[in-house]
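Q: Chains as they are written, first to last, in our numbering: chain A, 39 to 247; chain B, 237 to 457.
Quick reminder that beta carbons are idealized off the backbone N, C-alpha and C, glycines included.
The structure follows.
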């Protein structure tokens, strides 16, 4: 029985909006990857493209061995469907008791998720997502609004991921210094023709401008 | 001075606190009451009891610039230009002065390329920059920023730090999870469980936090 390969290949994918464009090529193998870059460089757009939620203007994305994909949006409030914190946990198919205990939100079981502070909501949201395994996990700005201790915990938790591909899209490069990721891809905005100006980053090339 | 006495709101309790002109940074764990405190300073919510006055006036009679920690909760209008201009239009400035001030503010913040965009098209960081422009365009007395920097890269953050410092706002009250940013303040408040546990200059507050995740990285080098 052969070894199952999990891999994503981006073949000169690009997206164009008015005078802004984004292009990317490269191969992402199993492990944790960090995509970083400045505000507006296209990190979230690339996450949506890989998730299949943003139309490609050209190129293609090949996914091998991926049967489950999870995208955590930059704004956790956009994921909320439950009227209470407990309902929100249930909507993700996880036990409220388990999640609330680990996130320190036990006393907020019956309040609206949208009444939580943004840090608390992000903590709840990530706990629900990380409670399950995903072949492809896309985390868009997962550290946003988390307090210092929770950021450290999340780095540890992601570092323990033993299977699948995890891609962290963030402007916070401390995660790289903390050795959370094995692969680092900096997304650098610059002007020029995207068809000729890919940026070489190891086995990946990224471009946005 | 901003003076707070015997303030109570839900689990937030502050017996006495004075905030001097300059930059005050609020730090602490998620859910410790930081956002609630900022909302009371902004007059968005009123305390259950106690008082808060900004130079002898309640917050609701003070010019406030506010940036919410939820980027989308800042935005009222479809277009970026309308969003930035809105505080000036609400106070019935003339069309010419509104247009001039809006463009000048966008130029200062280097976001003129966003003026023709809709807010829906913006990235999270760009939404925050537009929100900050709308908070600054009317030159508020008090500028309140709730973790606005959690959406910004280091380069943009540094640039905006200078803009905020030169904005002319008498009081800048901000919340952050970036402790190295907090060290660049006149006044630091550490919140925990609805209480102000530490209050003073960075040199006075951070020694209490040594050994915790709230101790500035650069101070540990």
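Please classify residue 349 (chain B) as buried or exposed, where buried requires at least 16 other C-beta atoms within 10 Å of its C-beta.
A: So residue 349 (chain B) ends up on the exposed side.
Q: For residue 363 (chain B), which option in A:121, A:113, A:124, A:130 has the closest C-alpha, if you only look at C-alpha atoms?
A: Looking at the Cα atoms, A:113 is the closest of the given residues.
Q: Below 8 Å between beta carbons: does that hold for residue 276 (chain B) and residue 288 (chain B)?
A: Cβ distance < 8 Å, so residue 276 (chain B) and residue 288 (chain B) count as in contact.
Q: Between which residues of its own chain and residue 270 (chain B) is the CB-CB distance below 6 Å, once the five residues before and five after are set aside?
A: So the qualifying residues of the chain are 262, 264, 411, 427.
Q: Return helix, strand or coil for residue 384 (chain B), following the three-state DSSP convention.
A: Correct three-state label for residue 384 (chain B): helix.
Q: In angstroms with no decimal places, state the Cα-to-Cα distance between residue 189 (chain A) and residue 329 (chain B).
A: So the two alpha carbons sit approximately 44 Å from each other.
Q: At 8 Å on the CB atoms, spell out the chain A contacts of residue 306 (chain B), in chain order.
A: Within 8 Å Cβ-Cβ: 113, 115, 156.
Q: With 8 Å as the threshold, decide whether the Cβ of residue 396 (chain B) is near any Cβ in chain A.
A: So no, residue 396 (chain B) is outside the interface.
Q: Name, please, each residue of chain D whose Cβ falls closer than 7 Å to the Cβ of residue 450 (chain B).
A: Looking for chain D here will not work: the only protein chains present are A and B.
Q: What residue range does the alpha helix (DSSP H) around residue 207 (chain A) cover?
A: Segment 203-207 is the beta strand (DSSP E) holding residue 207 (chain A); no alpha helix (DSSP H) there.
Q: Looking only at DSSP bridge pairs, what is residue 238 (chain B) linked to?
A: Residue 238 (chain B) pairs with B:255, B:290.
Q: Using DSSP with H/G/I as helix, E/B as strand and the rest coil, what is residue 403 (chain B)?
A: Looking at residue 403 (chain B) - three-state DSSP - the assignment turns out to be coil, as it is neither helix nor strand.
Q: Can you tell me the Cα-Cα spacing of residue 245 (chain B) and residue 125 (chain A), whole angstroms?
A: In a straight line, the C-alpha of residue 245 (chain B) is about 27 Å away from that of residue 125 (chain A).
Q: Looking at chain B, is there any beta carbon in it that lies within less than 8 Å of the beta carbon of residue 126 (chain A)?
A: Closer than 8 Å: no.
Q: Indicate whether the contact test is met: 3 or more Cβ pairs, each with one atom in the segment 144-152 of chain A and one in the segment 183-198 of chain A, closer than 8 Å.
A: At 8 Å Cβ cutoff, the stretches do not touch.
Q: Leaving aside the five residues before and after residue 423 (chain B) along the sequence, list all residues of the same chain whose C-beta is less than 6 Å from its C-beta, in chain order.
A: Answer for residue 423 (chain B): 260, listed in chain order.
Q: Does the segment 324-343 of chain B come within contact of the segment 46-54 of chain A, defined as at least 3 CB pairs closer than 8 Å?
A: No, the segment 324-343 of chain B is not in contact with the segment 46-54 of chain A.
Q: Is there a Cβ of chain A sitting closer than 8 Å to that of residue 441 (chain B), yes or no?
A: By this cut-off, residue 441 (chain B) is not an interface position.
Q: If the criterion is Cβ atoms closer than 8 Å, does the pair residue 249 (chain B) and residue 301 (chain B) meet it?
A: No, the pair does not count as a contact, with Cβ atoms beyond the cut-off.
Q: Buried or exposed: where does residue 355 (chain B) fall if 16 or more other Cβ atoms within 10 Å of its Cβ makes it buried?
A: Result: buried.
Q: Within 10 angstroms of its Cβ, does residue 237 (chain B) collect 16 or more other Cβ (buried), or is it exposed?
A: Per the 10 Å Cβ criterion, exposed.
Q: Restricting to Cα atoms, I'd like to know which of A:208, A:186, A:207 is closest to residue 453 (chain B).
A: Comparing Cα positions, the closest option is A:186.
Q: Measure the C-alpha to C-alpha separation of residue 437 (chain B) and residue 421 (chain B) and round it to an integer number of angstroms.
A: Residue 437 (chain B) and residue 421 (chain B): Cα-Cα distance of roughly 8 Å.
Q: In the DSSP assignment, what are the bridge partners of residue 100 (chain A)?
A: A:47, per the DSSP bridge assignment.
Q: Can you list, in chain order, the residues of the segment 353-376 of chain B whose Cβ is nearer than 9 Å to any Cβ on chain A?
A: If the cut-off is 9 Å between Cβ atoms, the segment 353-376 of chain B has 353, 357, 358, 359, 360, 361, 362, 364, 365 near chain A.
Q: Report yes or no: is there a C-beta of chain B within less than 8 Å of the C-beta of residue 76 (chain A)?
A: Judged by the 8 Å Cβ criterion, residue 76 (chain A) is in contact with chain B.
Q: Please return the same chain residues whose Cβ sits closer than 8 Å to the Cβ of residue 133 (chain A), not counting the five positions on each side in sequence.
A: If we look at residue 133 (chain A) and ignore the five residues flanking it on each side, its Cβ neighbours are 127.
Q: So which of A:208, A:82, A:71, A:70 has the shortest CA-CA distance to residue 60 (chain A)?
A: Nearest of A:208, A:82, A:71, A:70 to residue 60 (chain A), Cα basis: A:82.
Q: Look at the alpha carbon of residue 43 (chain A) and the alpha carbon of residue 75 (chain A), and state the distance between them as a whole number of angstroms.
A: Near 29 Å, if we compare the C-alpha coordinates of residue 75 (chain A) and residue 43 (chain A).
Q: Below 8 Å between beta carbons: does that hold for residue 242 (chain B) and residue 286 (chain B)?
A: Yes.
Q: Short of 7 Å Cβ to Cβ, which residues in the segment 159-174 of chain A face chain B?
A: The residues in question are 161.
Q: Which residue marks the beginning of the beta strand (DSSP E) containing residue 108 (chain A), and which one marks its end?
A: Element bounds for residue 108 (chain A): 107-110.
Q: Rounded to whole angstroms, how far is the Cβ of residue 353 (chain B) from the Cβ of residue 392 (chain B), which I believe are closer than 8 Å?
A: 17 Å between Cβ atoms; not a contact.
Q: Let me see if you follow: with CB-CB separation under 8 Å, is residue 438 (chain B) close to chain A or not?
A: It does not: the Cβ of residue 438 (chain B) has no partner Cβ on chain A nearer than 8 Å.
Q: With a threshold of 8 Å, are at least 3 pairs of Cβ atoms found where one atom belongs to the segment 335-342 of chain B and the other to the segment 304-323 of chain B?
A: Touching, per the Cβ criterion.
Q: Which residue spans inside the segment 127-179 of chain A form an unbroken alpha helix (DSSP H) run of at least 4?
A: Entirely contained in the segment 127-179 of chain A, the alpha helix (DSSP H) runs reaching 4 residues are, in chain order, 134-141, 156-168.
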